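Data first, discussion second: the structure below is written as structure tokens.
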């Protein structure tokens, strides 16, 4: 894949329409990299001019902040803001709701003011503008349940964009017991992704996976690389990986379009 | 002797309201022990939130059964209290049903108070059953043992007694009106209490007056008692829900405050021009503690939150950590904060207005680290709260203390933070490899 970087475009005196903030998971996690690639394929197909920061990207600081390390968070934030402002970035799209929330809500006060959108919002906008077209053939009749990532849904009120995209795929959207504002966490937020859970009688991702499986889905749709990991682990734990797939909305679309 | 009842009433009123005022002052003093809070902008939106959430009960009805029952008790409480105004005037002036001149309107008022009183009784009984017989999960969690459980029931008993006294008073009054007793003008409609009046059949006028007066006195004394019970109870929410929803967070739930003092230091660290020796606060003041280990480190809105909590437990029942058996309960975070704040308040009272260190703090003595580290910061508790309390902000501030003042994060998190510091990702991957995915085939 040929992925333009901000540095290379800047050198040519060009400015992309949007910066794709890949995030740590999207850059390094084997599962999440597939989401990154699926999203890039859609961007290419739609002819969107975009670029990534590549080696100049660094953690937004979200897990550090939520673990309580405000120093590290602000160090990361200010360093990133310097890079972003250096390239005069106006608009950012990201496939990670944690990066999305941090960039959108916590960077402005520190001098980083950008229009930040989540990839589900971005894709829905493209669809509305007719820049991508979806034929839902391959998902017709499939049961899809959508897991609201906390930092996309409850934290930022984005519930409909991902659901509209699923509807466009002609899939049958089935809701879990806890959805939208009452969505149940996958267990990864607040830096939990990086530590062992406290003692309890169950892991949060198992609880959430059980809720998802109750809807008897063919696919559990996610919109966050961390939720994806947690739900995938949950499905494996329940030995359902043969019949239930955990896929990002971007993957669903890329797949429907045979990209 | 003629004015003895008036005098006794005035004394009861002065004591009742006086003691309450004293405790309100204490409440305000305690809340002000908190740090300054940034209450940003848009007053109109804040008023709207208060009207919608506190007055309009919009978040209560998210759970329809509890919501409906609560609205009945809430409306009953507010509307029946119009009657208290008349009772106070009557008590002070020695009059009886001074608003009777309102005629039909008065009948409608008293009649609707009675119907509401009956509905309140039904709702209160339902609430009691939910707590004591059905034993709803959220009412029997560990933090509800002891006083909180008793407190919850006490409130219901008091409300029940007040409603019965109100109806008994009216029933006796109705009977007295029927037999044309002097002083008891024909006024009011008694759709509920007249059903009770057969109980009084055959009683002498004297006895009826005794019943009416006793119920009247116990009712108003009961109200004064209840008013003063508030400060010692979770029931304080009937007042504090209003300011609390006003000061509730307006930003998106995911947005967590950036600590300003940290911003200053980070700017200094990143600025190559900065003179590290120039700005070392030589004003003799101790640098502000990062995060919170005790209630004085929290801001006053967080302390107001703690006093406002009515321990309904909706937060805890929505908490993913609590649902999966972890120790964390957002309700307990709020209850602990209030208990500790009360302890600090008592300490100040006992030491002539100055807090004397008691070798205790909110962290460890009340809230354990295990609870704090179990939080996923998912905001389910914040969303669930019917009165805009934010338990998550307290959890975050306490984590900040643990990490920035004590370097006491779990070791896994220290690894994660080291990784971010060294290579800009929570995992040990090299920043120079960030674009490698583009070269890999699937």
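Protein chains in written order, with the numbering used here: chain A, 1 to 259; chain B, 260 to 701. Just so it is clear, CB atoms sit at the ideal spot from N, CA and C, and this is done for glycine as well. Note that the coordinates shown come from a computational prediction; the quantities given were computed from them, not determined experimentally.
Interface annotation, residue 572 of chain B: not in contact with chain A, CB-CB separation never under 7 Å.
With a 10 Å radius around the Cβ and a threshold of 16 neighbouring Cβ atoms, residue 11 of chain A comes out exposed. Classified as buried, residue 76 of chain A has 16 or more neighbouring CB atoms from the shown chains inside 10 Å of its CB. Residue-level contact by beta carbon holds for residue 685 of chain B and chain A, with a gap shorter than 7 Å.
With its beta carbon less than 7 Å from one in chain A, residue 637 of chain B belongs to the interface.
Per DSSP, residue 25 of chain A is one residue of the alpha helix (DSSP H) stretching across 23–28.
Taking every protein chain shown into account, the CB of residue 124 of chain A has 16 or more other CB atoms within 10 angstroms, so this residue is buried. Taking a beta-carbon distance threshold of 7 Å, residue 75 of chain A counts as an interface residue toward chain B. Proximity of chain B to residue 78 of chain A at the Cβ level (cut-off 8 Å) is accounted for by 525, 526, 529, in chain order.
For the pair residue 176 of chain A and residue 211 of chain A, the CB atoms are nearer than the 7 Å cut-off. Its chain contains 552, 553 as the residues whose beta carbon lies nearer than 6 Å to that of residue 620 of chain B, once the 5 sequence neighbours on both sides are disregarded; these appear in chain order. Contact check for residue 99 of chain A and residue 60 of chain A: beta-carbon distance about 5 Å, within the 8 Å limit, so the pair qualifies. Within the same chain, Cβ atoms closer than 6 Å to the Cβ of residue 555 of chain B are found at 292, the five residues on either side in sequence being excluded. Contact between the region 440–448 of chain B and the region 342–358 of chain B is present: three or more C-beta pairs spanning the two stretches fall below 8 Å. Look at residue 639 of chain B here: in three-state DSSP terms it is helix. The DSSP-derived three-state label of residue 248 of chain A is strand. Assignment of residue 429 of chain B by DSSP, reduced to helix, strand and coil, places it in the helix class. Contact of residue 532 of chain B with chain A by beta-carbon distance below 8 Å is absent, the smallest such distance being about 15 Å. The alpha carbon of residue 547 of chain B has as its nearest neighbour, out of B/499, B/409, B/343, B/295, the alpha carbon of B/295.
In this structure the region 587–606 of chain B touches the region 559–569 of chain B; the number of beta carbon pairs closer than 8 Å is three or more. Identification of chain B residues near residue 179 of chain A by a Cβ-Cβ cut-off of 9 Å yields none; the smallest Cβ-Cβ distance measures about 12 Å. Under the three-state reduction of DSSP, residue 472 of chain B is assigned to helix. Residues of chain A with a Cβ closer than 7 Å to the Cβ of residue 582 of chain B are, in chain order, 207. DSSP places residue 115 of chain A in the uninterrupted beta strand (DSSP E) bounded by 115–118. Here the alpha carbon of residue 50 of chain A sits roughly 52 Å from the alpha carbon of residue 496 of chain B.
Counting only Cβ-Cβ distances below 7 Å, residue 101 of chain A has contacts in chain B at 513, in chain order. Contact note: residue 203 of chain A reaches chain B through 583, using a C-beta cutoff of 8 Å and chain order. Under the Cβ distance rule, residue 675 of chain B counts among the residues neighbouring chain A, one pair being separated by less than 7 Å.
The residue from B/450, B/492, B/583 with its alpha-carbon nearest to that of residue 282 of chain B is B/492. When the alpha-carbon of residue 25 of chain A is set against those of A/128, A/58, A/5, A/87, the nearest one is in A/58.
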